[in-house]
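Data first, discussion second: the structure below is written as structure tokens.
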Amino acid sequence: MAVARALSLVMREDRGRLMAALVARLGDFQRVEDALQEAGISALLHWGRSGLPDSPRAWLLKVAGRKALDRLRAEGRSARREAALAQFAVLETVEATEDIPDERLRLIFTCCHPALEEKSRVALTLRTVCGLTTEEIARMFLDTASTMGQRLSRAKSKIALAGIPFAVPGPEEWDDRLQTVLTTIYLIFTTGYTAGPDEPRNLCAEAIFLCRLLLALRPGQAEIEGALARMLLTDARCAARIGADGASVPPGEQDRALWDTQCLDEGRALLHRALLRKRVGPFQIKAAISACQMADPGPDWPQILQLYTVLMTVEPTAVVRLNHAVALAETGHVEAAQAVITRLQPELDGFQPLHAAAAVIHARAGAWDEARRNGLAAIDGAEREADRLLLRKLLQGLESAGRGPTSVFDTISMFTGERVMRDDDLARPVGGDNGLGSHGGNDLA
Numbered sequence: 018m019a020v021a022r023a024l025s026l027v028m029r030e031d032r033g034r035l036m037a038a039l040v041a042r043l044g045d046f047q048r049v050e051d052a053l054q055e056a057g058i059s060a061l062l063h064w065g066r067s068g069l070p071d072s073p074r075a076w077l078l079k080v081a082g083r084k085a086l087d088r089l090r091a092e093g094r095s096a097r098r099e100a101a102l103a104q105f106a107v108l109e110t111v112e113a114t115e116d117i118p119d120e121r122l123r124l125i126f127t128c129c130h131p132a133l134e135e136k137s138r139v140a141l142t143l144r145t146v147c148g149l150t151t152e153e154i155a156r157m158f159l160d161t162a163s164t165m166g167q168r169l170s171r172a173k174s175k176i177a178l179a180g181i182p183f184a185v186p187g188p189e190e191w192d193d194r195l196q197t198v199l200t201t202i203y204l205i206f207t208t209g210y211t212a213g214p215d216e217p218r219n220l221c222a223e224a225i226f227l228c229r230l231l232l233a234l235r236p237g238q239a240e241i242e243g244a245l246a247r248m249l250l251t252d253a254r255c256a257a258r259i260g261a262d263g264a265s266v267p268p269g270e271q272d273r274a275l276w277d278t279q280c281l282d283e284g285r286a287l288l289h290r291a292l293l294r295k296r297v298g299p300f301q302i303k304a305a306i307s308a309c310q311m312a313d314p315g316p317d318w319p320q321i322l323q324l325y326t327v328l329m330t331v332e333p334t335a336v337v338r339l340n341h342a343v344a345l346a347e348t349g350h351v352e353a354a355q356a357v358i359t360r361l362q363p364e365l366d367g368f369q370p371l372h373a374a375a376a377v378i379h380a381r382a383g384a385w386d387e388a389r390r391n392g393l394a395a396i397d398g399a400e401r402e403a404d405r406l407l408l409r410k411l412l413q414g415l416e417s418a419g420r421g422p423t424s425v426f427d428t429i430s431m432f433t434g435e436r437v438m439r440d441d442d443l444a445r446p447v448g449g450d451n452g453l454g455s456h457g458g459n460d461l462a
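Structure follows, in structure tokens:
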């Protein structure tokens, strides 16, 4: 049992580093995964007889290299085989205590290459860098294990067949590729944030770990700091997001005593440091919006409106325009917000957050029938029962108030101001796929 626990710990903490070191030599994800799995089986037997080695990580690297060498020697000659053999032969001279070069940055950029589908990027990163099983990833995406296994297999094959380089992009590609990586990591975060209470793996923690790793490997990058700040600020209020009645609680109404102050302080400090670098990007803007949502004593809507105005110049997507309309309504520009909603209706028809926002904005404009129709559509389209409970309460409050403007609209709009900003809808891009803005712009409730 002790050996099994030790092996599990090494595979959990160092799988990404081992995979990166092996892929750097072999360039084949599937071969490396097979070799590492065989090395793990050997470790259970060998460590059980001889005890733990001084460096379990280096032991696994060396044995996995030998397993890969054995497979390569059994194959016919080819230039690729000979090159891989030469690379792996170096492992035979590695001492058991020698540290392993950290090449995980190259691994992350390869898993998140824009040539792969967005869902495949997320799945491959979770499998390769974080070490989640195919079954765990399939459950998170509501897929069968066989379907997810096929997706992962296709992604690995595409990397090999398309000759996707195992490399960090050069300066001319860095900004665009970094946005793809950060978007993939944030999608992992939002998948975890909306997961049910029975989900055993904390994907929010996995995403924060990945972003911290990225920042450690490339320190001083403002957008990485912004992405990490955004996740920390959102995660800080996780304990306050569901009320005693099981309904979602908007940030402006949450019990701030339940917020994680350490997480909140770190997020704010990271955001401040990123903005001081004067290389503002979309993740920093969204992190700033998150910070304004958590302002004291309540959301700073005038500042949020300004930030969305800037964000629209960077990400002119339909969802960002929708969020901008919510901010317009919150700052008293109801007619302008209603006009935006009307223009967005054909493009976003059926998109649940649009209906939630439209319910608020039409109500403030006095269009009660439209407000109720959109409110019902928002309830029907909500994915989480907690969100449906909140929307039902808000709609009941709207009706019991005699169809007149009451404080209930402020409550609805605080909810929508968060809810419409989701960007975890992997199945349905909205507003075109530009690598970043195909989903929402800000945080979750």
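Per the numbering used here, residue 18 is the first one in the sequence shown, and the count goes up by one each step. Virtual Cβ for every residue (Gly too), placed ideally from N, Cα, C. The model shown is predicted, which means the values in this text are computed figures rather than measured ones.
Beta-carbon proximity list for F183, same chain, < 7 Å, skipping 5 on both sides: Hits under 7 Å: V40, A41, G44, R123, T127.
V20, enclosing alpha helix (DSSP H) - first and last residue: 19 to 43
Opening and closing residue of the alpha helix (DSSP H) in which V146 lies: Going by DSSP, V146 is part of no alpha helix (DSSP H) at all; its letter is neither H nor E.
Beta-carbon spacing of I154, L143 below 7 Å: yes
For K136 and D307, the rounded distance between their alpha carbons: At residue 307 the sequence reads Ser, which differs from the Asp that was named. Looking at the two C-alpha atoms, the distance is approximately 25 Å.
As assigned by DSSP and simplified to three states, the class of S170: helix
P267 - containing alpha helix (DSSP H), residue span: Per DSSP, P267 belongs to no alpha helix (DSSP H) and is neither H nor E.
Beta-carbon separation (whole angstroms), G148 vs R32, contact threshold 8 Å: 4 Å
Three-way DSSP call (helix, strand, coil) for T428 in this model: Annotation note: pLDDT 43 at T428 (below 50); position unreliable, coordinate value reported separately. The answer is helix: DSSP assigns T428 an H, G or I state.
Close Cβ partners of I145 (< 6 Å) along its chain, the five nearest in sequence each way excluded: Strictly speaking, residue 145 in this sequence is Thr, with Ile absent from that position. Answer for T145: M36, C128, listed in chain order.
CB of V80 within 7 Å of CB of S67, strictly: no
Pairwise C-alpha distance: H130 and E189: 15 Å
Nearest-angstrom Cα separation, counted from V139 out to T201: So the two alpha carbons sit approximately 6 Å from each other.
Residues that I259 bridges to, as DSSP identifies them: S265
Continuous alpha helix (DSSP H) stretch holding A246: start and end: 239 to 253
Completely contained alpha helix (DSSP H) runs for the region 155 to 227, where each covers 4 or more residues: 162 to 178, 191 to 210
Counted within 10 angstroms of its Cβ, other Cβ atoms place S265 as buried (16 or more) or exposed: buried
Backbone CA spacing between T428 and A224 [nearest angstrom]: Unreliable placement is indicated for T428, whose pLDDT of 43 sits below 50; the coordinate value is still reported in the next sentence. Cα-Cα distance, rounded: 30 Å.
8 Å CB neighbourhood of L406 in its chain, flanking five on each side removed: D262, G263, A264, S265
L322 beta carbon less than 7 Å from that of A353: no
A286 versus P267, E242, R22, N340, residue with shortest Cα-Cα distance: For the residues P267, E242, R22, N340, the minimum Cα distance to A286 belongs to E242.
R296 (DSSP reduced to helix, strand or coil): coil
Collapsed DSSP secondary structure at C129 in the structure displayed: coil
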